[in-house]
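Following the UniProt record's numbering, the numbering of the sequence shown begins with 1 at its first residue and continues without gaps. To start, the structure under review is shown below, and the notes come after it.
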Amino acid sequence: MPVGYDAGRLYADAIVEVPVTVYPPGQGPDPDRTAGIDLGIIHPYAAAGPEGQGLLVSGRAIRAECRQHLRDRKGRSRAAAGRAPKPGERGSRRWRKHRRRERKTGARHARRVRQALHEAAKEVISWAVANRIGTLAVGDPRGVLHLKAGRRHSQRTRDWRIGHLIRALSDKAEAAGITVHLADERGTSSTCPQCARRVPKPAGRNFTCPHCGLAGHRDLVAAASIAARGPGSGIIPAVPHGPGITHRRAGAHLPGVHPARRDPRRRPPSRPAPRRHLAGTGPPPTPPHSGTREVARGNARNTQARDNTSRTYELVH
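Quick look at the structure:
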């Protein structure tokens, strides 16, 4: 059993044989029922199956975790830039402490994201077992990794972790007795599955075909087209709509997902917000007293006039 050391933690890699799930007769996954899986950044998994069934797994919590980790890492690097050693130097104790802290936070971030992606893959397999789907056609988008579209695109694709998404889904599908096939996903988000005509790629989440009027979620439309590219399929399932779509969220354990779970990396505000009554509640507002204000203004004028008179008398005498 190999033992490793990463960011102050010891870990061991163990290879264990996991038995395939056995289902009662007539309740297991059917190999003739195929579903398409579209991998994405906003939705790690979007599935379109037979009979208008669909699944959307939201990954917005994972994106927020990646953006927050990047922002914090940049802030720590700027703060420690003055302590960076020159080439050939070992560095001070404060610099080595900063490097250990960076490795620790980076490993914690990787564990959080990895756990969230495993949760997303588990949601897909649970949905497939509930709908007796025995074949998953997964779109392989790894061709976009080689596109030179700038540093922002490179950062997004790096945080996407496509290989881990495919590997986690394949491992869980194999344990559940479901077959996974990779298919080319090029053009699936810009091709209408009903009339097979190319349409302009939508900028948002909604897909609308100007030729036949088909409308639906962009990722589910792509998943339906991917399902037709599976082995021995060729039949495009109906695009899921309304009650046929199951919504799930990955990364509920991440800090900052729920208002009750404050992110420990964010400091509490130094000044608490003033407590005000909600609209329509509390005591009625007190109107300003115009008479008192006028009297105060008159007294201030009289006092100033007396001071000016006394100052003039002193100058003359």
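We put the CB at the ideal spot given by N, CA and C, even for glycine.
Which two residues bound the contiguous alpha helix (DSSP H) that contains residue i?
{"i": "ALA149", "result": "First-last for ALA149: undefined, no H or E at that position."}
{"i": "ARG112", "result": "93–130"}
{"i": "ASP219", "result": "218–227"}
{"i": "HIS181", "result": "Per DSSP, HIS181 belongs to no alpha helix (DSSP H); it is in the beta strand (DSSP E), 179–184."}
{"i": "SER189", "result": "Per DSSP, SER189 belongs to no alpha helix (DSSP H) and is neither H nor E."}
{"i": "ALA79", "result": "60–79"}
Less than 8 Å between the C-beta atoms of residue i and residue j, yes or no?
{"i": "ALA12", "j": "VAL3", "result": "yes"}
{"i": "THR135", "j": "THR208", "result": "no"}
{"i": "LEU10", "j": "GLY139", "result": "no"}
{"i": "PRO141", "j": "GLU89", "result": "no"}
Grab me the residues of residue i's own chain with a C-beta within less than 7 Å of its C-beta, minus the 5 sequence neighbours each way, in chain order.
{"i": "PRO237", "result": "ALA48, GLY49, PRO50, ALA224 and ALA227"}
{"i": "ARG112", "result": "GLU65 and LEU254"}
{"i": "LYS201", "result": "SER189 and SER190"}
{"i": "GLY244", "result": "GLY52, GLN53 and GLY54"}
{"i": "ASP170", "result": "Correcting the residue identity first, residue 170 is Ser in this sequence and not Asp. These residues qualify, in order along the chain: VAL180."}
{"i": "VAL144", "result": "THR157"}
{"i": "TYR5", "result": "none"}
{"i": "ARG205", "result": "HIS217 and ARG218"}
{"i": "LEU182", "result": "VAL138 and ASP140"}
{"i": "PRO31", "result": "GLY134, THR135 and THR179"}
{"i": "CYS192", "result": "VAL199, CYS209, HIS211, CYS212 and LEU214"}
Give me the Cβ distance between residue i and residue j, rounded to the nearest whole Å; I'm assuming they're in contact under 8 Å.
{"i": "PRO137", "j": "GLY230", "result": "The identity of residue 137 in the sequence shown is Ala, whereas the question assumes Pro. Yes, they are in contact, since the Cβ atoms of ALA137 and GLY230 sit about 3 Å apart, within 8 Å."}
{"i": "ILE62", "j": "ALA107", "result": "Incorrect: roughly 17 Å between the Cβ atoms, too far for contact."}
{"i": "LEU214", "j": "GLN194", "result": "5 Å"}
{"i": "ILE42", "j": "ARG67", "result": "Actually they do not touch by this definition, with Cβ atoms about 13 Å apart."}
{"i": "VAL16", "j": "ALA175", "result": "The Cβ separation is near 11 Å, so there is no contact."}
Hey, would you say the C-beta of residue i is under 7 Å away from at least one heavy atom of the ligand FMN?
{"i": "ILE15", "result": "What this structure holds is no ligand at all, so the ligand FMN is not there to describe."}
At which residues does the beta strand (DSSP E) containing residue i begin and terminate?
{"i": "GLY163", "result": "Where GLY163 is concerned, there is no enclosing beta strand (DSSP E), although the alpha helix (DSSP H) it sits in stretches over 162–175."}
{"i": "HIS247", "result": "245–249"}
{"i": "LEU214", "result": "LEU214 -> no beta strand (DSSP E), and no H or E assigned at all."}
{"i": "LEU136", "result": "133–140"}
{"i": "THR34", "result": "30–39"}
{"i": "VAL18", "result": "From DSSP, VAL18 is part of no beta strand (DSSP E); its letter is neither H nor E."}
{"i": "HIS46", "result": "In the sequence under discussion, the amino acid at residue 46 is Ala, which differs from the His named in the question. Residues 45–48."}
{"i": "VAL3", "result": "3–6"}
Please return the same chain residues whose Cβ sits closer than 6 Å to the Cβ of residue i, not counting the five positions on each side in sequence.
{"i": "THR105", "result": "none"}
{"i": "ALA7", "result": "ARG103, LYS104 and ALA107"}
{"i": "GLU119", "result": "ALA250"}
{"i": "ARG293", "result": "Residue confidence is low: ARG293 scores 49 on pLDDT, short of 50, so the model does not pin down where it sits. Its coordinate-derived value is still stated next. Excluding residues within five positions, none has a Cβ falling inside 6 Å."}
{"i": "ALA46", "result": "ASP38, LEU56, ASP219, LEU220 and ALA223"}
{"i": "ARG161", "result": "none"}
{"i": "PRO25", "result": "none"}
{"i": "CYS212", "result": "GLN194 and CYS195"}
{"i": "ARG114", "result": "none"}
{"i": "ARG167", "result": "none"}
{"i": "ARG197", "result": "HIS211"}
{"i": "HIS247", "result": "LEU56"}
{"i": "MET1", "result": "ALA12 and ALA14"}
{"i": "HIS109", "result": "HIS69"}
Kindly list the residues whose CB is nearer than 8 Å to the CB of residue i, restricted to its own chain and excluding five residues on each side of it in sequence; keep chain order.
{"i": "TRP95", "result": "ALA80, ARG83, ALA84 and PRO85"}
{"i": "ILE178", "result": "PRO29, ILE125, ALA128, VAL129, ILE133, GLY134, THR135 and LEU136"}
{"i": "SER92", "result": "ARG83 and PRO85"}
{"i": "ALA173", "result": "ILE125, ALA128, LEU136, THR179 and VAL180"}
{"i": "GLY163", "result": "ARG142"}
{"i": "VAL20", "result": "GLU174, ALA175, ALA176 and GLY177"}
{"i": "HIS98", "result": "ARG76, ALA80 and ARG83"}
{"i": "ALA279", "result": "Per-residue confidence for ALA279 stands at a pLDDT of 49, beneath the threshold of 50, marking its modelled position as unreliable; the derived number appears in the next sentence. Once the five neighbours on either side are set aside, ALA279 has no close Cβ partner at all."}
{"i": "ALA203", "result": "none"}
{"i": "GLY242", "result": "none"}
Report yes or no: do three or more beta-carbon pairs, one from the region 53–62 and one from the region 119–128, lie closer than 8 Å? Touching, per the Cβ criterion.
Within 8 Å, do at least three Cβ pairs link the region 63–75 to the region 214–223? In this structure the region 214–223 does not lie against the region 63–75, because fewer than three pairs of beta carbons, one per stretch, are closer than 8 Å.
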